[in-house]
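Below: the structure, in structure tokens.
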């Protein structure tokens, strides 16, 4: 099963700040390993506390915080950072991650509605 990997605006900004080789390593890990797994949660670790609905993956000294949507077969990358600072301000990260997740789900909902409208107009 192939999982779709999507990136929040926050995660994209954080990836751009990384060294190009390291950013490529993170992208390759997600695209070649996580996306090809039957269950992407098997390679990650579930978080706890205010981040309990999210998963984290380790790439070098970096942590990649993701939301795994099994219904949509999608992994949404929400936050990328060095392990020493990625959990600082856990509430802030949780708030931003929740906001990014809501935006992603809203965009997905609009896509589905658009697709349904196209199918209706074809009939």
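In our numbering, the protein residues as written are 500 to 622. Glycine included, C-beta positions come from ideal geometry on N, C-alpha and C. Small disclaimer: the values here were computed from a predicted structure and weren't measured.
| Asked | Found |
| --- | --- |
| Per DSSP, residue 555 is paired with what? | 544 and 564 |
| If you run the structure through DSSP and keep just helix, strand and coil, what is residue 575? | strand |
| Pull up the distance between the alpha-carbon of residue 539 and that of residue 616, whole angstroms please. | 32 Å |
| Only counting the same chain, and skipping five residues up and downstream in sequence, which positions put a Cβ closer than 8 Å to that of residue 513? | 578, 579 and 580 |
| Keeping to the same chain, check which residues put their C-beta closer than 7 Å to that of residue 558; ignore five residues upstream and five downstream. | 524, 525 and 528 |
| CA-CA distance, residue 621 and residue 613? | 13 Å |
| Count the other CB atoms within 10 Å of the CB of residue 543; is the residue buried (16 or more) or exposed (fewer)? | buried |
| Between the beta-carbon of residue 609 and the beta-carbon of residue 575, is there less than 8 Å? | no |
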